[in-house]
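Residue numbers (the working numbering): 80 to 556.
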């Protein structure tokens with residue numbers, strides 16, 4: 080059995096669900112411009128043709144050869160006017176439909192709120208709803224050994240006792256920092272203290288399914304959240320050293336061969352220890368793991384592994400690599416040596432690969448399919464057995480983050496692909512938006528109707544929408 084396995088998730092969450100019509104509302108009602116177009120294409124065209132016929136018949140001179148000639152000339156002119164008006168309306172309808180298909184996110188945004196000057200959009204309500212849900216469901220536990228714990232489990236609404244976990248609490252802290260903690264209902268200081276109390280006896284952090292052995296990807300996730308919350312570099316230093324010391328080919332070969340693990344560690348350490356000596360090496364490992372895709376002009380991209388067998392090209396892992404390499408470029412620079420230049424070339428190819436998706440529409444295309452991945456590691460206490468970490472990926476949110484990275488738009492503009500960039504970004508944003516209910520995202524368990532609401536998915540959804548809203552902001556004047 081391979082060290083890692085992938086499974087594709089359902090696209091059902093991405094299908095927008097239109098609000099049901101009110102009891103006194105006709106579902107067939109359309110906007111005023113659409114009603115005008117329909118009138119012009121039907122009765123309007125007939126009225127225009129008849130008007131031209133009547134006008135010409137009344138003004139044509141009697142010197143023409145009898146009334147029959149005037150009828151013929153007026154009739155032909157009226158018919159021509161009718162055909163021209165009908166074709167113009169049909170063309171306008173076709174252009175409107177094509178624009179909606181090419182730009183689903185923008186078409187979905189056209190509604191009463193968008194048309195009313197000064198009216199707020201739906202995003203503030205989504206953020207407020209998400210904040211309210213997280214505050215209501217925060218778990219406070221008095222642990223006899225670790226003290227008072229404040230945070231979240233892996234998912235909201237778990238049936239088991241909701242004991243805070245490092246992963247759930249780290250993502251919850253990220254969400255609170257994104258939302259700005261608008262009131263005193265929750266203290267980020269309590270979340271920071273809880274993460275330190277959840278540290279393993281020998282240092283580091285692990286996921287709930289990984290037991291008592293620290294793992295680099297979880298440790299880096301927690302360290303990144305702590306650094307973002309303001310924890311000093313001096314306090315983080317010892318944990319950074321433990322994390323980097325354990326992330327070697329000898330001690331964690333499976334981790335170093337995993338695109339997900341390497342990108343997670345790289346992103347976390349770029350926040351927590353931007354001058355760490357391991358960062359250039361991790362960037363090189365990631366860049367060297369890119370593969371060529373003959374189906375997309377031999378552009379380089381990423382699979383789920385960084386060593387053979389790489390697996391098939393993956394939009395999810397390519398987006399993760401683009402995000403990590405773009406962040407590394409801003410922290411480490413890309414003009415330092417030949418290795419940095421290779422990383423830049425791989426990152427730019429990854430962006431071009433994401434822009435070359437051949438399928439449509441881009442809010443439900445295969446590039447946006449969610450993935451389920453297993454990271455398998457030999458257990459240190461019994462190498463004949465394996466520890467299995469189940470990782471689920473919200474692909475659309477990663478594509479939004481990758482396409483909104485500063486380097487992605489630069490590449491699209493330089494290559495004349497700005498239209499492709501915009502269409503694919505709008506499609507990914509529409510898919511992210513369609514997956515939430517009151518600011519909380521859910522993961523469908525297999526083919527069942529049972530839903531889980533993982534903290535990481537809500538963080539990634541809110542983060543993607545927030546980044547897109549910031550990019551879209553255009554102040555008046």
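Note that CB positions come from ideal geometry on N, CA and C, so glycine has one too.
Would you decide whether residue i is buried or exposed? Buried here means 16 or more other CB atoms lie within 10 Å of its CB.
i           : result
residue 428 : buried
residue 452 : buried
residue 323 : buried
residue 383 : buried
residue 232 : buried
residue 551 : exposed
residue 205 : buried
residue 449 : buried
residue 393 : buried
residue 224 : exposed
residue 214 : exposed
residue 480 : buried
residue 430 : buried
residue 311 : exposed
Alpha carbon to alpha carbon, how far is residue i from residue j?
i           : j           : result
residue 447 : residue 478 : 8 Å
residue 203 : residue 281 : 42 Å
residue 380 : residue 486 : 16 Å
residue 463 : residue 332 : 15 Å
residue 399 : residue 554 : 31 Å
residue 471 : residue 418 : 31 Å
residue 498 : residue 397 : 20 Å
residue 288 : residue 474 : 23 Å
residue 187 : residue 502 : Because the pLDDT at residue 187 is just 42, under 50, the model does not fix this residue reliably, and the value given afterwards should be weighed accordingly. Each residue's Cα considered, the two are about 14 Å apart.
residue 219 : residue 353 : 33 Å
residue 466 : residue 339 : 16 Å
residue 483 : residue 264 : 32 Å
residue 439 : residue 208 : 32 Å
What is the DSSP secondary structure of residue i, counted as helix, strand or coil?
i           : result
residue 331 : coil
residue 361 : helix
residue 324 : helix
residue 483 : coil
residue 553 : coil
residue 221 : strand
residue 522 : strand
residue 337 : strand
residue 384 : strand
residue 412 : coil
residue 457 : strand
Near residue i, what residues of its chain come up, given a Cβ to Cβ distance below 7 Å and the 5 sequence neighbours on each side ignored?
i           : result
residue 341 : 335, 361, 364, 365 and 385
residue 511 : 475, 476, 479, 540, 543 and 544
Who pairs with residue i in a beta bridge, going by DSSP?
i           : result
residue 266 : None, per the DSSP bridge assignment.
residue 371 : 379
residue 276 : BP columns for residue 276 are empty, so no partner.
residue 441 : Paired residue(s): none; residue 441 is not in a bridge.
residue 531 : 522
residue 515 : 520
residue 234 : 533
residue 394 : DSSP, once it has assigned bridges, lists no residue as partnering residue 394.
residue 228 : 220
Cutting at 6 Å between CB atoms, please list the residues of its own chain near residue i, excluding the five before and the five after it.
i           : result
residue 234 : 531, 532 and 533
residue 345 : 361 and 403
residue 255 : 267
For residue i, which residues of its own chain have a beta-carbon under 8 Å away from its beta-carbon, when the five flanking residues on both sides are left out?
i           : result
residue 274 : 230, 245, 248, 249, 252, 284, 301, 304 and 305
residue 328 : 335
residue 258 : 206, 209, 210 and 541
residue 315 : 302, 305, 306, 351 and 352
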